[in-house]
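Visitor: Before we start, here is the structure in question, set down as structure tokens.
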Amino acid sequence: RCNSKFQHDFEYSFNMSATVFYDFPFHPLVLDHNTFLLYCKLAEQRTKCYVEQCKDTSADTVFSPSNFICSFKRTHFTEVRQCLADAEPITFLKAD
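Be aware that the sequence shown starts at 1, since it is given in the UniProt record's numbering, and climbs by one per residue.
Structure representation (structure tokens):
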């Protein structure tokens, strides 16, 4: 149920199918400051759902791409986000 809610909220919030989203290389969605913040909010809600509804007490400490950029390394990611956005492969290909 947590994944279904996340998928629904993701698709509603970003007007795109969750199936076309990819974690790495970083999707342009997480490289934009505003959509990064919304993505993290949704990811944090999913993690909270895992903990509270599924009784997964390790959900906020296990490695996942969203935990990594939204929690474990959030400060570092936000510091380098713009540089990553400038070097992101799809953006690079658009420059040709």
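A virtual CB, placed ideally from N, CA and C, is assigned to each residue, including glycine.
Give the secondary structure of Glu88 by DSSP, where H, G and I count as helix, E and B as strand, and everything else as coil.
Guide: Coil at Glu88, not helix or strand.
Visitor: Can you tell which of Tyr50, Thr57, Pro28, Phe72 has its C-alpha closest to the C-alpha of Phe6?
Guide: The residue with the shortest Cα to Cα distance from Phe6 is Tyr50.
Visitor: Under 8 angstroms, with one C-beta from each stretch per pair, do the segment 9-17 and the segment 61-72 reach the 3-pair mark?
Guide: No contact exists between the segment 9-17 and the segment 61-72.
Visitor: My assumption, with CB atoms under 8 angstroms, is that Leu42 sits in contact with Asp9. Please give the rounded CB distance.
Guide: Leu42 to Asp9, Cβ: 5 angstroms. Contact.
Visitor: If you follow the alpha helix (DSSP H) that Lys41 is in, where does it begin and where does it stop?
Guide: That run of the alpha helix (DSSP H) goes 33-53.
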